[in-house]
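Remarks on the structure that follows.
See the structure below:
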């Protein structure tokens with residue numbers, strides 16, 4: 001896990017057993033991309049994951065919060081179902097109720113794993129629009 | 143918040159009922175534990191006292207720390223007719239738990255071969271993020287695991303019948319319904335049976351450091367100092383995480399549908415007699431059974447490794463299961479409430495069942511002592527038959543990573559005679575001993591309060607971490 005990436009995401013040292021971070025984006029595309037990157041920086045050593053193969057990934061939701069939640073929740077599950085780590089996230093389409101992306105990564109190598117993320121949680125979960133840009137707060141149960 | 147606590151005995155502190163609280167809170171802990179408790183954690187106890195059908199009191203055990211909705215290390219019981227069942231209160235790692243396995247080997251014999259042993263265990267037990275098991279289950283087999291639990295393992299050549307006798311619920315919760323588990327949970331669960339995972343999950347080789355209750359220890363097959371035991375701490379993996387995640391969403395909707403007033407949306411729940419409540423209970427049991435199976439499958443592989451390294455059969459090494467317990471679980475149990483026997487849904491989150499004369503396994507932090515205690519009638523009267531589960535974190539994982547370096551932790555452990563191996567050094571830093579409360583204070587609290595007196599103290603000599 002990194003300290004964060006300036007302008008993209010920032011980890012907040014507050015939760016004893018969990019991870020809390022903020023994600024920023026100048027638009028929804030960036031917000032979803034940066035959130036995925038922050039999540040995978042907790043799961044694995046992001047810089048060591050080679051973007052060898054790509055796959056399509058799609059999620060829906062009733063509103064922006066729901067779609068954003070399902071996006072991250074789906075990414076947590078896909079580590080187990082596809083047995084892969086991902087390091088590059090190309091959002092092809094995103095609006096408040098739908099996201100379609102291409103995920104780039106490689107098969108899991110345990111030596112570049114970091115920690116198991118059990119779930120995204122409701123603790124301080126929020127997605128806020130500030131002017132044209134976005135900020136989200138996310139906590140993970142690990 | 144802490145100033146509201148009223149000391150009622152040396153080890154018991156009451157959080158009196160006031161305002162919106164339906165019941166009071168009870169905290170078990172010595173002064174050092176209470177001094178170290180966070181206000182936010184006590185606030186979470188107050189939140190749970192406000193839930194419908196809650197039974198007096200909501201309990202924080204000495205290892206309690208701020209968690210998701212309810213602190214890790216707490217117990218909440220609900221009326222079986224007017225109460226709720228809560229996916230939020232059970233937490234994400236359903237039946238995360240501990241199995242203890244004994245041997246008749248001495249520490250001296252094991253230390254001699256420790257490097258070989260730890261490497262062989264590391265090869266045999268898949269560890270780390272997304273670790274894939276060696277088992278290849280089809281849909282039917284996974285369904286059987288969900289329903290039969292550890293019994294499935296024994297029927298398929300992993301573990302033996304005697305193991306089942308030494309597990310909480312005999313390794314199988316009745317009433318698991320596979321139709322209540324989502325296809326995604328099943329898909330995540332299929333490749334992961336027989337894997338340790340990562341985070342605070344571990345496999346530890348321990349030596350007996352002290353025996354406080356020789357008679358009870360003897361019943362568990364623990365007879366002398368320096369005898370080697372093995373402790374396995376892991377859970378229901380992605381399968382259980384997905385069941386929890388799915389039902390938190392379902393129960394969030396149930397909160398709105400049944401107009402349940404909860405002070406924190408993390409405490410998602412549903413009335414006990416509702417579909418959303420009972421469906422969760424049936425799905426949770428599938429995850430409980432998956433986890434029981436997971437630990438027995440790994441027990442089998444641990445035995446195989448010992449057989450290879452020490453060139454004896456596991457029976458010759460007396461490698462029987464001492465006991466196996468759940469940490470995160472909801473149980474329908476009978477307890478005496480206001481002088482009458484009553485069925486209640488007991489939610490144990492980071493807590494261990496402590497029924498009279500049943501072993502309570504308490505994991506210390508990496509590098510510090512762990513304990514076997516025994517449950518008591520006092521626990522039945524005061525804590526719904528529950529005790530602590532571990533040392534309890536004192537520092538965030540992120541904080542630990544900033545403060546400690548895995549390589550240094552490894553060499554410090556080596557200096558103490560502990561061989562530690564992890565998939566990568568960072569997981570040793572995350573779980574650094576100083577990131578946890580002092581297990582001695584935790585044990586002092588459960589021992590002297592009478593809820594689970596200590597029986598055996600063990601110290602680590604070898605550690606495998608995911």
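Chains as they are written, first to last, in my numbering: chain W, 1 to 142; chain G, 143 to 608. Every residue, glycine too, gets a C-beta built ideally from N, C-alpha and C. Just so we're clear, the structure is a prediction, and the values are computed from it rather than from any experiment.
Residue burial classification, residue i (beta-carbon count within 10 angstroms, cutoff 16)
{"i": "residue 56/W", "result": "exposed"}
{"i": "residue 299/G", "result": "exposed"}
{"i": "residue 384/G", "result": "buried"}
{"i": "residue 562/G", "result": "buried"}
{"i": "residue 97/W", "result": "exposed"}
{"i": "residue 274/G", "result": "buried"}
{"i": "residue 490/G", "result": "buried"}
{"i": "residue 593/G", "result": "buried"}
{"i": "residue 481/G", "result": "exposed"}
{"i": "residue 455/G", "result": "exposed"}
{"i": "residue 216/G", "result": "buried"}
Unbroken beta strand (DSSP E) run spanning residue i, endpoints
{"i": "residue 194/G", "result": "No beta strand (DSSP E) contains residue 194/G, which DSSP labels as neither H nor E."}
{"i": "residue 151/G", "result": "148-151"}
{"i": "residue 215/G", "result": "214-221"}
{"i": "residue 245/G", "result": "239-248"}
{"i": "residue 348/G", "result": "344-353"}
{"i": "residue 325/G", "result": "Taken as a continuous stretch (DSSP letters only), residue 325/G belongs to no beta strand (DSSP E), being part of the alpha helix (DSSP H) at 325-331."}
{"i": "residue 369/G", "result": "369-376"}
{"i": "residue 98/W", "result": "98-107"}
{"i": "residue 126/W", "result": "119-130"}
{"i": "residue 93/W", "result": "84-95"}
{"i": "residue 513/G", "result": "512-516"}
{"i": "residue 605/G", "result": "596-607"}
CB of residue i within 8 Å of CB of residue j, strictly
{"i": "residue 144/W", "j": "residue 572/G", "result": "Nothing about residue 144/W can be reported from this structure: the residues present for chain W run from 1 to 142 only."}
{"i": "residue 410/G", "j": "residue 569/G", "result": "no"}
{"i": "residue 32/W", "j": "residue 99/W", "result": "yes"}
{"i": "residue 269/G", "j": "residue 530/G", "result": "no"}
{"i": "residue 314/G", "j": "residue 423/G", "result": "no"}
{"i": "residue 197/G", "j": "residue 402/G", "result": "no"}
{"i": "residue 249/G", "j": "residue 349/G", "result": "yes"}
{"i": "residue 219/G", "j": "residue 488/G", "result": "yes"}
{"i": "residue 243/G", "j": "residue 444/G", "result": "yes"}
{"i": "residue 251/G", "j": "residue 208/G", "result": "no"}
{"i": "residue 112/W", "j": "residue 85/W", "result": "yes"}
{"i": "residue 595/G", "j": "residue 494/G", "result": "no"}
{"i": "residue 284/G", "j": "residue 331/G", "result": "yes"}
Proximal residues of chain W, C-beta to C-beta of residue i below 8 Å
{"i": "residue 552/G", "result": "Near residue 552/G there are no residues of chain W at all, since even the closest Cβ is about 15 Å away, more than 8 Å."}
{"i": "residue 572/G", "result": "115"}
{"i": "residue 531/G", "result": "Chain W residues near residue 531/G: none, gap ~12 Å exceeds 8 Å."}
{"i": "residue 333/G", "result": "80, 83"}
Segment limits, alpha helix (DSSP H) that includes residue i
{"i": "residue 420/G", "result": "417-452"}
{"i": "residue 585/G", "result": "581-590"}
{"i": "residue 552/G", "result": "548-557"}
{"i": "residue 456/G", "result": "It is not in any alpha helix (DSSP H) - residue 456/G carries neither H nor E in the DSSP assignment."}
{"i": "residue 256/G", "result": "256-266"}
{"i": "residue 176/G", "result": "173-178"}
{"i": "residue 569/G", "result": "568-572"}
{"i": "residue 230/G", "result": "229-232"}
Listed by chain order, chain G residues near residue i by CB distance under 8 Å
{"i": "residue 14/W", "result": "538"}
{"i": "residue 49/W", "result": "By Cβ distance, chain G contributes nothing, its closest Cβ being about 11 Å from residue 49/W, past 8 Å."}
Proximal residues of chain G, C-beta to C-beta of residue i below 9 Å
{"i": "residue 43/W", "result": "271, 272"}
{"i": "residue 108/W", "result": "270, 271, 272, 273, 274"}
{"i": "residue 19/W", "result": "538, 539, 540"}
Chain-ordered neighbours of residue i on chain G, where CB pairs are closer than 7 Å
{"i": "residue 73/W", "result": "387"}
{"i": "residue 123/W", "result": "210, 408"}
{"i": "residue 138/W", "result": "By Cβ distance, chain G contributes nothing, its closest Cβ being about 13 Å from residue 138/W, past 7 Å."}
{"i": "residue 11/W", "result": "540"}
For residue j and residue i, believed in contact at Cβ under 8 Å, the rounded distance
{"i": "residue 287/G", "j": "residue 425/G", "result": "Contact doesn't hold; Cβ gap of about 14 Å is too wide."}
{"i": "residue 194/G", "j": "residue 175/G", "result": "Rounded, the Cβ-Cβ distance is 30 Å, inconsistent with contact."}
{"i": "residue 267/G", "j": "residue 345/G", "result": "6 Å"}
{"i": "residue 600/G", "j": "residue 340/G", "result": "Wrong, their Cβ atoms sit about 23 Å apart, outside the cutoff."}
{"i": "residue 603/G", "j": "residue 347/G", "result": "5 Å"}
{"i": "residue 335/G", "j": "residue 439/G", "result": "6 Å"}
{"i": "residue 575/G", "j": "residue 507/G", "result": "5 Å"}
Partner residues on chain W for residue i, Cβ-Cβ distance less than 7 Å
{"i": "residue 340/G", "result": "113, 115, 116"}
{"i": "residue 330/G", "result": "77, 80, 81"}
{"i": "residue 234/G", "result": "118, 119, 141"}
{"i": "residue 383/G", "result": "118, 119"}
Listed by chain order, chain W residues near residue i by CB distance under 9 Å
{"i": "residue 375/G", "result": "Within chain W, no residue comes near residue 375/G; the closest Cβ sits about 13 Å away, beyond 9 Å."}
{"i": "residue 380/G", "result": "76, 77, 79, 80, 81, 116, 118"}
{"i": "residue 566/G", "result": "45, 110, 111, 112, 113, 114"}
Residue i CB to nearest heavy atom of the ligand NAP below 7 Å
{"i": "residue 41/W", "result": "The ligand NAP is not part of the structure shown, which contains no ligands of any sort."}
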